[in-house]
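Everything below concerns the one structure shown next.
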Amino acid sequence: YYGENALWSAEWTQQFSFNSDNRSYSQVQRYELSETDASTAWDYFYARTGNTAYGIVRDASAPADVHYRGLGRMFYAWTFQIITDLWGPVPYREAFHPEIREPAYDQQQTVYQALLAQLDTAVTELSSATGRLPTGNDLLYSGDLSKWMKLAHLLQGRAQLRLAHAPGEDLVARANNALAALSGAFTGNADDADFIYPGGQDARNPLYTFQELRNQFVGSEYLIEMLKGRNDPRLPIMFTPIVYDSVRGTTRYLATTTRYVGHPNGGATLPDSTVSWIGPFFSNENAPLSVVSYADQKFTEAEARLIVSGAAAADVAYRAAIRANMTKLRVDTAAITAYLAARPNLSAVT
């Protein structure tokens, strides 16, 4: 989740900005990917992660391993959701069969339909009353299968909503399927899948390595200005202020002045002291990585409710998503309420 593709998408959606004259990052800022870039991402997701998950499902065939099999199947489906979202048509049905040297490509719609079947089976396997628990091997939930099943339902909801707009699909039926799946998913931030980094050598949050040790990733001007314009209370949590005596353009910032200034995406490299860095909530060496969150789930629900019931119903889930995210970032409750009160209601899409 902090692989190359995550960094590209954060740059392209202007959450982060590359404040570096490194040639490879300059190319990414111009939306240019080399063959090596694409091959590295493909190798990570398909050849390594996908193949490993496939091996778990294949090898965990004993009745006592039913929970491991369910987890492996869920990871397999999860990985292929990411793969097909990145590349579209990909080898799926013939993947990882050593006797097939050139597996056929499957269309994205076909892949998603197959993934839903895999997730259904995974939920059944995780629900088994027998079988050993993966307590010592589980770095997300310490063997709590009830939380894994909630996560599986969340992934089902995502997949159903992705399929909703595919050719020949019933938009409303798929959105209703998504809502049905999400009803069995997370119930609050306590269910979030957070990967904990202990910190220290070889155990740091990767964002710490990219920012603190390489000075490459900083706040995007686009996102910081948007947060400032909306008086968003997450600004001082997401980014660090400039408190240095420095000059940028014709403006001098004294040490007594607190400012939030982003780096323009694709812009020239600026002195570190003149741009806001990513805040320690995300970039400390032991900062957890939120792999999947309740807030993310509520945004997915909002999309589905917009299709099924309209903007008013979607607005409730949309606001719950914002509240959940702000709560996780430890924003004061009164500030959350004030921010939401200032935001306009969602309106119908025309």
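Using my numbering, you'd call the opening residue of the sequence shown number 152 and step up by one each time.
The beta-carbon is built from N, C-alpha and C at its ideal position, and this holds for glycine as well.
Note that the structure is a prediction, hence the values are computed from the model and not measured.
From 159, 157, 164 and 155, pick the residue whose C-alpha is nearest to that of residue 372; which is it? Along the sequence shown, one-based indexing puts residue 372 at 221. Nearest option by C-alpha distance: 164.
Are three or more beta carbon pairs between the segment 385 to 396 and the segment 178 to 198 nearer than 8 angstroms? no
Span of the beta strand (DSSP E) holding residue 344? If you number the sequence shown from 1, residue 344 lands on position 193. 344 to 346 is the span of the beta strand (DSSP E), which, as asked, contains residue 344.
Which partner residues does residue 335 have in the DSSP bridge list? Against the sequence shown, residue 335 aligns to sequence position 184. Partner(s): none; residue 335 has no beta bridge.
Please go through the same chain and pick out, in chain order, the residues whose beta-carbon is closer than 8 angstroms to the beta-carbon of residue 201, but skip the five residues on each side of it. In the sequence shown, the residue the question calls residue 201 occupies position 50. If we look at residue 201 and ignore the five residues flanking it on each side, its Cβ neighbours are 227, 230, 231, 234, 246 and 247.
Residue 412 vs residue 168 beta-carbon contact at 8 angstroms: Taking the first residue of the sequence shown as position 1, residue 412 is located at position 261. Taking the first residue of the sequence shown as position 1, residue 168 is located at position 17. The answer is no: Cβ separation not under 8 angstroms.
Burial state of residue 353, where buried means 16 or more other Cβ atoms lie within 10 Å: Locating residue 353 in the sequence shown gives position 202, counting from the first residue. Residue 353 comes out exposed.
Indicate the three-state DSSP secondary structure (helix, strand or coil) for residue 440 in the structure shown. Position 289 of the sequence shown, counting from 1, holds the residue named residue 440. Residue 440: strand per DSSP, three-state reduction.
Counting along the chain, where does the beta strand (DSSP E) carrying residue 168 start and finish? Translated into the one-based positions of the sequence shown, residue 168 becomes position 17. First-last of the beta strand (DSSP E) with residue 168: 167 to 169.
Residue range of the alpha helix (DSSP H) that includes residue 226: Against the sequence shown, residue 226 aligns to sequence position 75. That run of the alpha helix (DSSP H) goes 217 to 238.
Whole-angstrom C-beta distance between residue 162 and residue 180, which should lie under 8 angstroms: For the purposes of this step, residue 180 is taken as residue 29 along the sequence shown, with counting starting at 1. For the purposes of this step, residue 162 is taken as residue 11 along the sequence shown, with counting starting at 1. At roughly 6 angstroms, the Cβ-Cβ gap stays under 8 angstroms, so residue 180 and residue 162 are in contact.
Would you report the Cα separation of residue 198 and residue 357, rounded to the nearest angstrom? As a first step, residue 198 must be located in the sequence shown, where it is residue number 47. As a first step, residue 357 must be located in the sequence shown, where it is residue number 206. Cα to Cα, residue 198 sits roughly 21 angstroms from residue 357.
List the whole-angstrom C-beta distance separating residue 362 from residue 434, where the pair is believed to meet the contact cut-off of C-beta under 8 angstroms. Mapped onto the sequence shown, residue 362 falls at position 211. Mapped onto the sequence shown, residue 434 falls at position 283. Confirmed, about 5 angstroms.
How many angstroms separate the CA atom of residue 281 from the CA atom of residue 216? Within the sequence shown, residue 281 is the residue found at index 130, counting from 1. Within the sequence shown, residue 216 is the residue found at index 65, counting from 1. Rounded to the nearest angstrom, the two C-alpha atoms are 9 angstroms apart.
Name the DSSP beta bridge partners of residue 256, please? The count along the sequence shown starts at 1 and reaches residue 256 at position 105. For residue 256, which the question treats as bridged, DSSP gives the partners 242.
Distance check for residue 253 and residue 485, CA to CA, integer angstroms please. Stepping through the sequence shown from its first residue, residue 485 is reached at position 334. Stepping through the sequence shown from its first residue, residue 253 is reached at position 102. Cα to Cα, residue 485 sits roughly 58 angstroms from residue 253.
Would you tell me roughly how many angstroms separate the C-alpha atoms of residue 158 and residue 214, rounded to the nearest one? Looking up residue 158 in the sequence shown gives position 7. Looking up residue 214 in the sequence shown gives position 63. Spanning the two alpha carbons is a distance of roughly 40 angstroms.
Would you check if the distance between the CB atom of residue 315 and the CB atom of residue 326 is smaller than 8 angstroms? Residue mapping note: residue 315 aligns to position 164 of the sequence shown, counting from 1. Residue mapping note: residue 326 aligns to position 175 of the sequence shown, counting from 1. In this structure, residue 326 lies closer than 8 angstroms to residue 315 by Cβ.
Does DSSP put residue 193 in a helix, in a strand, or in coil? Sequence index remark: in the sequence shown, residue 193 carries index 42 (1-based). The answer is helix: DSSP assigns residue 193 an H, G or I state.
Between residue 331 and residue 349, what straight-line distance do the alpha-carbon atoms span, to the nearest angstrom? Taking the first residue of the sequence shown as 1, we reach residue 331 at position 180. Taking the first residue of the sequence shown as 1, we reach residue 349 at position 198. Taking the straight line joining both Cα atoms gives about 36 angstroms.
Using the C-alpha atoms, what's the distance from residue 497 back to residue 277? Along the sequence shown, read from residue 1 onward, the residue named residue 277 stands at position 126. Along the sequence shown, read from residue 1 onward, the residue named residue 497 stands at position 346. Computed Cα separation, rounded: 38 angstroms.
Just curious, the alpha helix (DSSP H) that residue 380 is in, first and last residue? Working through the sequence shown from its first residue, we reach residue 380 at position 229. Taken as a continuous stretch (DSSP letters only), the alpha helix (DSSP H) holding residue 380 covers 372 to 380.
Among 338, 258 and 347, which has the Cα closest to the Cα of residue 437? Taking the first residue of the sequence shown as 1, we reach residue 437 at position 286. The shortest C-alpha separation from residue 437 is found at 347.
Three-pair Cβ contact test at 8 angstroms for the segment 289 to 298 versus the segment 318 to 325: no
Could you give the distance in angstroms between the alpha-carbon of residue 460 and the alpha-carbon of residue 447? Residue numbering aside, residue 460 sits at position 309 when the sequence shown is read from its first letter. Residue numbering aside, residue 447 sits at position 296 when the sequence shown is read from its first letter. Cα to Cα, the separation comes out at about 20 angstroms.
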